[in-house]
Every structure is written in C-alpha cells, then in structure tokens.
Amino acid sequence: MNIPDRGIGITYFLSLEPFIESNMDVIDVVEVEPQNFWLHTLSNRFRMDDDISKRIMALPCKKIVHSVSIPVGGSVTPDPQQVSLLAHIVDELDAAWASEHLAFNRARVGAEIFNTGFLLPPSQTEEGVEYAIRSIRAIMGALSVPFAVETGVNYLKPNEHEFSDGEFIARIVKKAGCGILLDLHNIWTNEMNGRQRVDEFIEDIPLDMVWEVHLAGGVEEDGYWLDAHAGAIPEDLLRVAERIIPRLKNLHAIIFELYPSYYKSEVTPELVREQLEILHDLWDINKRRFGYTNNSSVDHIQRDDSYDDDDVCYDNVGNSCSINTMTEDTSSSSINSNSYVHDYNGPYEVEEWEYTLGRLVIGYEVNTELGRRLSADKAIPVYRRLISSFRSSMLIRALPFTSRLLMLSSIDYEELLSSFWSNNAPALFTTDEALSFLNYIEGLDLDIPYIKDVVALERAILVCRVEDDYDGGKSEEVSFDYDPTILLGALIQRRIPTEINRGRFRIVVSSAGLRCIKVSDDVTSEIGRGMDMQKSGEEREMRSWNH
Amino acid sequence: MVSKVAARRIRADVTFDHIVVLPKEASYNIQAISESIKNILDIYGCPNCHSGRDILFKNEESMIRDIRSIFMNDFVITKDLRARPLGEAFNITL
C-alpha cells in the first residue's frame, strides 16, 4: 500500500468553494469532511448528497477524506452503516487516505446510547487503548486506503490514572498499525490549557507515522484557548510548526482548517490565502529535506505486533498510569493557571468515564464519585457552552425561518432553547436536531403569529431534503391563507411583516425546490382536480432553492 | 435622529451582510430569498468537526439585535418636521 504526496490544502465547505476555485494556485488538495453533507433519513439510513459529491469531484485538485462522525476513541464501536458509506465516499473521491478523531461522541446509559453533541476526550487508560484499537480496526477493515487518527483536543485537567496525551496515541497507532494526523493546533491548545507540553508530546509519538498535519487558528475564551478554527495561525504555533514539520519524513499533506462561520464574518479571503502560502513554505522546507513522493511505500504503517508494553506501569488493580510524571505546569505560554493533576480518587472504567463526561457536558448531574470530581473541573462549563453554540447554530442553519420568527417574537428564545435541550439529548446530524426541535415547538402550541405555518413549511423542506424518494418526483404541500413570500422575505431581512396580502396560497416542496402557487377565486372550485390547479393558478417558482 | 451608521446603511439601500431594507411590503424576489438561505446552509450533516465553538447563532443574535436597535431607537425627521421612529418611517415593525 502506497501513500502519495498531496501537498497543501484546506477543508472543503460550500461557502469556501468560491475561495477554493479562485485560489487553485495555492491549493493542491481539499480535505472533505463527508458527514457535513450526509443526509440521515427518517428510516435511519445515511446517504451522501449527490449534488455535493459532484461539486467536490469537479474541483480540479486531489481530495482526502476526514471523517467527523465516527470517532475511534470510545467504547461504542463506529456505526457500520456510516463506516460503509465512508468507505464508499473515499473510493468515489479517489482519496489517498482517510482519517478520524481519537475521541468519542457517543456513550451508554444502561442499554441505550446517547450522543454527546461534541467530540470528547477519551479515557487515556490501557482499557481505552484497547477500545480505540478495536474501533480503528473496524474502520481499517472497511477502507481500501490507509487510515490515520487525529490527535485531539482535551480541555480537562490531566489526571493520575491516564497516559500522557502522546503516550496514549503512540500506544494506539503502534498496535493498530495506522497513521497519525498530527493536529498541531490541537496539541498546542492542550499545552496552552495546561496539559502535556508540545515538545514532550512530540517526543512520545512515532514521528515517522505522521502523514498529515493540521494547522488552524483559535480563540481565547474564559481562560481557555479554544480549537475554534477561527482564522490566522498564531505566531507562536508557527514557530512550533517550523521546528516539527522538518522532522516528519513521511508527511504527505498539510491542511489549513477554517470553520465556515468565521469566513468573511471575521476572516478575509486574503488572510486565508496568506495562511496557505505560509504552509507552502513549511512544506517546501520538509520536502527539500526528505524529497517529494508520488507513491512512497508505507511499510512503516505495518502493525507492530511485537510492540513492547513493558514500559507501562500499572496500579495495583491493573489500571495503567502515565509513564510521565505530571506535575504542575510551569509553562510560561500556558493561559490556564488551573493545570494540575486531577485526583479522581481511584481508577475508573472507560464506560464510566464516557457516561459521566457525556452526561455532564450536556447539562446533567452525575452523582457518583467520578461525577463529583469531574464536575469540579472548570472545563465542564466550557464544554457546555461550546455544545450550546453548536446546537443553537444547527437550528439557525436548518431552520432559518422558524428560528428567526422565534427570535423576533416576544418569547425568550435562549430560554426556549435551554428548555428544549434539557428535554432532548443532542442529535448527531443537523436535520435530526432540527426535526426534534420542530416537534418540541409544535408540542408547546405557542401563540406566535405564523409559527405553525413556518414550522409546517420547514418540516416539509427537511423531510424532502433527507428522503431520497422525493428524487423521483414526490412532493409535499403547505397551505397558507396569506402570501407566504412576503413572510419569508421579511424573515430573510430579520423582521416580521406589517402588511401581508390575504388569499389562498400553497408552497409545493420537491427535490427541485419550492414553488409558490396562488390559487385565485375562479380556480378554487378546481382544486379537487389536482393538476388543473397548477395550470390555472398564478405560479411563482422559487428556483435554485438549494436547501 | 438617525445615527450616521444607520443613515449610511439606509441611503445605500443595502445594510450589513445580506439585509436589504425595503420601504414597504411587497412580494419578494424569490432568487434573493434562495440566495440568502443558501448562504446559511453550509452544513446540514454533522457540524461539530472541531473542538471550538460555532459562532453562527451569536452572529444571528447580534444582527437581529442590531436591526432592532436601528429601527426601534433611531428617528427620522419627516417633511412635516415631526420626529418619527425610523422603523415606522420604513413601515417596519419589530
């Protein structure tokens, strides 16, 4: 199995497409996070949006695939259906390799599994290593290309029962035989927040197994540096990258990560281009030393079955403990002064860790020893706020009309969201979260003008979006007793209309988009005829509704 | 009176981001509606691919607050020399 060089690239998002197309001279590859465009059907199937696939394939550059929904750091094994779709997309995009996060996003509560709404740090114990290897092998077995795991962010304090961050990943990749996606911003963030220092991390991991590097910008909030993908790479991190990247002899790509919410609102196209030019300089330094490879052998990824774990120490109940003695962080670059070894007063099992952390970050209390200890970590409220930001933003994306109407009404929208969240665990996919929210809103029977119609319309749009049987011509209709385009237009402008034309209108939702039909008086009697209604009605088409 | 920022935005007939201020209710340009929605719909699958925060909601909240602020607190002087809320002058109620 060979891995070719892919060079410098950026994460693909729809809103970044114009930038990508006009900056192809500095972009060799795009990294596709396919789950951003996956549709989860009502019958629990997953499918890729075909239109997006075609758009990505049409880009005149190579593609690599970075999976974001089936992390490999937890005890819940990756969903086989999603793994299968991932493998299909990897082949379709002719990706040279694929990657996932060494994190978890699902946990067990009894026999049930719940979503945590966030990629959370795994239990970095020997048991955690074994679970990670099991999940990695499940994905590797389905892929036709090599697989790498990404080094993650962890806002929690380190504790005495876990391996150091570097040792944990080293043990996993050596045993699993996969590569490393070294996210330098992540490990730099960890150091900034009081975890292992970057230089120690780098000494812990097998550098010849690093195939890909991620770089990004972040933001400081509440005393924590956040991995927000928010813009320019910090200068201090660039100095770190200049030291480490020349040591990576099997490096095949460097990706700049930028989250679309920041693009243009806070980050200019010029700044993004400048970051890519910086990455080209780093790439050239690496390649001048090690040479360019179009089809380099990757024998180094062969599983190391002889890996000697004698250097792991175990406590008296068989739980592993860190080789590195973690002490108070005296790093001058650290912004989190609360970094000390967290005493959890005894070992814990992986499933207990996942349940406890997963429940705490979505707002529940866990009345166990681990729950009480973990909830004292100042990172827990940080996780809660970050999850809230994702959940609220999901609704803005999927339900622009409903969310704006609610925000413009007299109700306290943030209180409404809190109430929804306290009754509903996070959904993994935006469309699921949105449908769940619509059900919740309907159950409240809110006295807000237009709300029932807007909810009905957006439900029809979502259902039509996720269900592939609408591709064959099936449609949904929503009736109005006023001109809905006036309402929708006003909501686009973030306001509620003061005047609105009365009359009988319908919006027909299909895979082709929306059509608004005005039914005039003389046509009313023809409604029962179906087809005649459209022929006789005054019709305005909402073309290119890319919903 | 109208703040300088608000006045500049109104005169340009195009305010921040994708907001276009219209003087009266009318049937809307469907293409404009589609384009506005398209700008929001960047991710409809799994969005939390990183360990930071998503600022889309905060941006939305901020823009709505800005619009409320402009139209509820600013005034224009009409031809009959009366001060009227800008929102009222533009037939906009929030």
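Chains A and B supply the protein sequences, listed in that same order. For the first sequence, the positions run 14 to 560 when my numbering is used. For the second sequence, the positions run 409 to 502 when my numbering is used. Ideal placement from N, C-alpha and C gives every residue a C-beta, glycine not left out. Just so you know, these numbers come straight off a predicted model, no measurement behind them.
According to DSSP, which residues form a beta bridge with residue i?
| i | result |
| --- | --- |
| D63(A) | DSSP, once it has assigned bridges, lists no residue as partnering D63(A). |
| C477(A) | Answer is none; C477(A) lacks a bridge partner. |
| K75(A) | V42(A) |
| C454(B) | Answer is none; C454(B) lacks a bridge partner. |
| A161(A) | S112(A) and G192(A) |
| K466(B) | In the DSSP output, where bridge partners are listed per residue, K466(B) has none listed. |
| N128(A) | R119(A) |
| F518(A) | F493(A) and K531(A) |
| I472(B) | DSSP, once it has assigned bridges, lists no residue as partnering I472(B). |
| E225(A) | L194(A) and A266(A) |
| S488(A) | S523(A) |
Please report the distance separating the alpha-carbon of residue i from that of residue j.
| i | j | result |
| --- | --- | --- |
| I336(A) | T443(A) | With a pLDDT of 26 at I336(A), under the threshold of 50, the predicted position of this residue should be treated as unreliable, though the coordinate-derived value follows. If you take the alpha carbons of I336(A) and T443(A), they lie about 41 Å apart. |
| D92(A) | I83(A) | 7 Å |
| D221(A) | D104(A) | 26 Å |
| L430(A) | Y305(A) | 51 Å |
| A145(A) | F493(A) | 52 Å |
| G22(A) | I258(A) | 16 Å |
| V532(A) | D496(A) | 11 Å |
| S470(B) | R260(A) | 45 Å |
| C477(A) | S524(A) | 6 Å |
| M61(A) | I102(A) | 8 Å |
| A151(A) | L115(A) | 14 Å |
| K262(A) | S416(A) | 49 Å |
| E30(A) | I463(B) | 20 Å |
| K466(B) | I409(A) | 10 Å |
| E490(A) | G526(A) | 12 Å |
| A71(A) | G384(A) | 49 Å |
| S406(A) | R302(A) | 44 Å |
| G376(A) | S435(A) | 7 Å |
Is residue i helix, strand or coil by DSSP?
| i | result |
| --- | --- |
| I193(A) | strand |
| L52(A) | strand |
| S309(A) | Residue placement at S309(A) cannot be trusted, given a pLDDT of 49 that sits under 50; what the coordinates show is reported in the next sentence. Of the three classes helix, strand and coil, the one that applies to S309(A) here is strand, per DSSP. |
| F117(A) | strand |
| L29(A) | helix |
| D18(A) | coil |
| Y353(A) | Bear in mind that the predicted position of Y353(A) carries a pLDDT of just 44, short of 50, making it too unreliable to give a figure here. |
| A525(A) | coil |
| H265(A) | coil |
| F176(A) | coil |
| T444(A) | helix |
| E455(A) | helix |
| A392(A) | helix |
| T24(A) | strand |
| S82(A) | coil |
| E233(A) | strand |
| Y276(A) | strand |
| S416(A) | helix |
| I185(A) | helix |
| I400(A) | helix |
| L383(A) | helix |
| L421(A) | helix |
| L133(A) | strand |
At 7 Å on the CB atoms, spell out the chain B contacts of residue i, in chain order.
| i | result |
| --- | --- |
| E489(A) | Those within 7 Å of E489(A) in chain B number zero; the least Cβ separation is about 17 Å. |
| H242(A) | H458 and G460 |
| I409(A) | I448, L464, F465 and E468 |
Report whether the distance from the Cβ of residue i to the nearest heavy atom of the ligand ATP is below 7 Å.
| i | result |
| --- | --- |
| I152(A) | Summarising the ligand content, the structure contains no ligands, and the ligand ATP is consequently not present. |
Strictly below 8 Å CB to CB, what residues from chain B border residue i?
| i | result |
| --- | --- |
| L239(A) | S459, G460 and R461 |
| G231(A) | G460 |
| L441(A) | C454 |
| M420(A) | E468, E469 and I472 |
Give me the chain B residues within the contact set of residue i, using Cβ-Cβ distance strictly less than 9 Å, ordered along the chain.
| i | result |
| --- | --- |
| G236(A) | Simply none; closest approach about 14 Å. |
| P93(A) | Per Cβ cutoff of 9 Å: no residues; P93(A) is ~17 Å from chain B at best. |
| S136(A) | Residues of chain B passing the Cβ test: none, with the nearest at roughly 17 Å. |
| A145(A) | Within 9 Å Cβ-Cβ: nothing; A145(A) doesn't reach chain B, min ~17 Å. |
| W51(A) | Y452, G453 and C454 |
| R60(A) | Under the 9 Å cutoff, chain B gives no residues; its nearest Cβ is about 10 Å from R60(A). |
| R256(A) | Correct list: empty, because the minimum Cβ distance to chain B is about 23 Å. |
| L194(A) | Within 9 Å Cβ-Cβ: nothing; L194(A) doesn't reach chain B, min ~13 Å. |
| G130(A) | N456 |
Is any beta-carbon of chain D found at less than 8 Å from that of residue i?
| i | result |
| --- | --- |
| Y272(A) | Looking for chain D here will not work: the only protein chains present are A and B. |
For the 8 Å Cβ check, are there 3 or more pairs between the stretch 63-71 of chain A and the stretch 81-98 of chain A? Verdict: no, contact absent.
Under 8 Å, with one C-beta from each stretch per pair, do the stretch 193-205 of chain A and the stretch 217-235 of chain A reach the 3-pair mark? With a cut-off of 8 Å, the stretch 217-235 of chain A and the stretch 193-205 of chain A count as touching, because enough Cβ pairs lie within range.
Measuring CB atoms only, is the stretch 437-455 of chain A touching the stretch 464-483 of chain A, in the sense that at least three cross pairs come out at less than 8 Å? yes
Taking contact to mean at least 3 C-beta pairs separated by less than 8 Å, is the stretch 129-142 of chain A in contact with the stretch 29-43 of chain A? Too few Cβ pairs lie closer than 8 Å, so no.
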